[in-house]
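Asker: Would you mind keeping the following structure in view while I ask a few things?
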Amino acid sequence: MCDEIEKIMQDRLAGIRSCDEDAMIQCRQRWDSIAKPLRSLGKLEDAIVKIAGITGTNQVSLEKKALVILCADNGVVAEGVSQSGQEITALVAENFLDHNSCACIMAKRAGADVYPVDIGMVRDTKVKRKKVAYGTKNMAIMPAMSRQEALQAIWYGIEIVAELKQAGYQIIATGEMGIGNTTTSSAVASVLLSIPVEQMTGKGAGLSNQGLIHKIDVIEKAILLHKPDPTDAIDTLSKVGGLDLAGLTGIFLGGAIYQIPIVIDGFISSVAALAATKIDSHVIEYTLPSHVSAEAAGGTILKALELTPFLTCDMCLGEGTGAVSLFPILDMAMDVYQTMSTFEQINMEAYQPHKL
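Here our numbering runs 7 ahead of the position in the sequence shown, where the first position is 1.
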């Protein structure tokens with residue numbers, strides 16, 4: 008079964024290509040024709056150009072937006088690496104259904120539909136299930152999951168993108184919910200980037216200084232025990248990762264497969280994007296960063312991905328709150344791109360780029 012999933016996934020990944028250069032050139036030409044100083048909207052213009060390349064057309068549209076929140080529990084919580092207990096994961100996940108969370112309130116304002124998915128919570132709820140397992144195992148004692156479970160979670164992430172693309176969604180923001188997932192994310196990031204654990208680990212949702220020291224110790228011992236392969240992202244995810252991380256990795260892979268832009272949220276989401284790029288390097292072309300997380304390694308991960316954030320708000324909530332914050336900015340850029348007059352239309356001489 009493991010080999011079968013991996014083969015199907017590799018077949019899908021084989022179809023990934025670089026973004027459409029012609030669409031990007033046409034989009035840039037449209038921007039340069041608009042009656043304003045050249046390139047004066049900076050990253051906003053660049054984002055729309057990138058989306059044109061992703062979707063293969065300069066007729067960009069971002070009317071239908073989704074926020075996908077993958078929910079899962081992590082066995083390593085038994086080691087006391089988080090301030091909250093495991094029961095909080097299901098509680099917050101059900102709040103998503105009631106639209107009673109920061110992410111949902113922000114998504115509503117941004118015009119995005121919210122899709123929470125149970126990919127591995129220890130308790131069943133009313134949240135839509137694509138459950139691989141009832142939480143991961145305690146990575147301090149044994150591998151967090153089998154390779155097959157990691158692959159299944161990745162595949163479910165790819166499937167979610169396919170479903171949303173079929174439903175007409177044009178851009179997807181990534182979110183997660185799972186007590187203990189900053190621990191797993193720090194572990195995966197440390198392995199994949201070969202950076203010491205202490206540099207990749209923060210306090211998460213409110214650990215004390217002593218708690219942080221313990222968290223680092225737990226991660227270091229888990230890596231030493233399981234020896235995840237830094238050249239194999241799936242091996243790393245299975246040994247010291249989480250089901251939400253693996254599922255988000257699939258979301259990013261799905262964006263490249265189905266040519267739909269995927270917005271990176273904060274630290275956890277960016278680690279999943281990192282894992283996805285280790286599986287297929289083209290993935291980075293299909294992602295947009297939103298903000299730089301206040302978590303210790305937030306900037307380090309984005310630097311490794313060679314991405315610069317649109318926002319620096321010192322946010323570290325997760326759940327997709329940073330990702331949906333990008334949507335209103337993109338909407339403003341789209342309004343200019345689609346509706347503003349050109350130099351020709353107002354009989355004004357066009358700006359010309361400076362010659363060096």
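Cβ coordinates follow ideal geometry from the N, Cα and C atoms, glycine included.
Please go through the stretch 109-150 and give each complete alpha helix (DSSP H) segment of 4 or more residues, from N-terminal end onward.
Answerer: Counting whole runs of 4 or more residues, the stretch 109-150 contains the alpha helix (DSSP H) stretches 109-117.
Asker: Can you tell me where the alpha helix (DSSP H) with M341 in it begins and where it stops?
Answerer: Against the sequence shown, residue 341 aligns to sequence position 334. Unbroken alpha helix (DSSP H) run through M341: 328-346.
Asker: How many angstroms separate the CA atom of N81 from the CA atom of I226?
Answerer: As a working mapping, residue 81 is identified with position 74 in the sequence shown. As a working mapping, residue 226 is identified with position 219 in the sequence shown. Each residue's alpha carbon lies about 13 angstroms from the other.
Asker: Roughly how many whole angstroms lie between the Cα atoms of E70 and M31?
Answerer: Within the sequence shown, residue 70 is the residue found at index 63, counting from 1. Within the sequence shown, residue 31 is the residue found at index 24, counting from 1. Roughly 20 angstroms separates the two Cα atoms.
Asker: Does the Cβ-Cβ distance between I165 and L171 come in under 8 angstroms?
Answerer: Within the sequence shown, numbered from 1, the residue matching residue 165 stands at position 158. Within the sequence shown, numbered from 1, the residue matching residue 171 stands at position 164. No, they are not a contact pair.
Asker: For the beta strand (DSSP E) holding A73, just list the boundary residues, first then last.
Answerer: Along the sequence shown, read from residue 1 onward, the residue named residue 73 stands at position 66. 72-79 is the span of the beta strand (DSSP E), which, as asked, contains A73.
Asker: Anyone know if the C-beta pair for V84 and Q90 falls short of 8 angstroms?
Answerer: In the sequence shown, the residue the question calls residue 84 occupies position 77. In the sequence shown, the residue the question calls residue 90 occupies position 83. Not in contact: V84 and Q90 (Cβ atoms no closer than 8 angstroms).
Asker: When DSSP builds the beta bridges, which residues end up paired with A180?
Answerer: Taking the sequence shown and counting its residues from 1, the one referred to as residue 180 is at position 173. A180 is bridged to L74, V270.
Asker: Tell me, please, whether the stretch 230-245 touches the stretch 273-292 by the rule of three or more beta-carbon pairs shorter than 8 angstroms.
Answerer: These segments touch.
Asker: Buried or exposed for K115, going by 16 or more other Cβ atoms inside 10 Å?
Answerer: By one-based count along the sequence shown, residue 115 stands at place 108. With fewer than 16 other Cβ atoms within 10 Å, it is exposed.
Asker: Starting from L373, trace the alpha helix (DSSP H) both ways and give me its first and last residue.
Answerer: Outside the modelled stretch of the chain, which goes from 8 to 363, sits residue 373, for which no answer is possible.
Asker: Relative to the C-alpha of L333, which residue among A229, D272, D29 is closest?
Answerer: Reading the sequence shown from its first residue, position 326 is the one you call residue 333. Per the Cα distances, D272.
Asker: For L250, does the three-state DSSP call read helix, strand or coil?
Answerer: For the purposes of this step, residue 250 is identified with residue 243 of the sequence shown, where counting begins at 1. Of the three classes helix, strand and coil, the one that applies to L250 here is helix, per DSSP.
Asker: Under 8 angstroms by Cβ, that's how I've got A42 and M347 pegged, so tell me the actual separation to the nearest angstrom.
Answerer: The count along the sequence shown starts at 1 and reaches residue 42 at position 35. The count along the sequence shown starts at 1 and reaches residue 347 at position 340. A42 to M347, Cβ: 7 angstroms. Contact.
Asker: What residues match up with I41 in a beta bridge as DSSP calls it?
Answerer: In the sequence shown, the residue the question calls residue 41 occupies position 34. Note: I41 sits in a beta bridge opposite T349.
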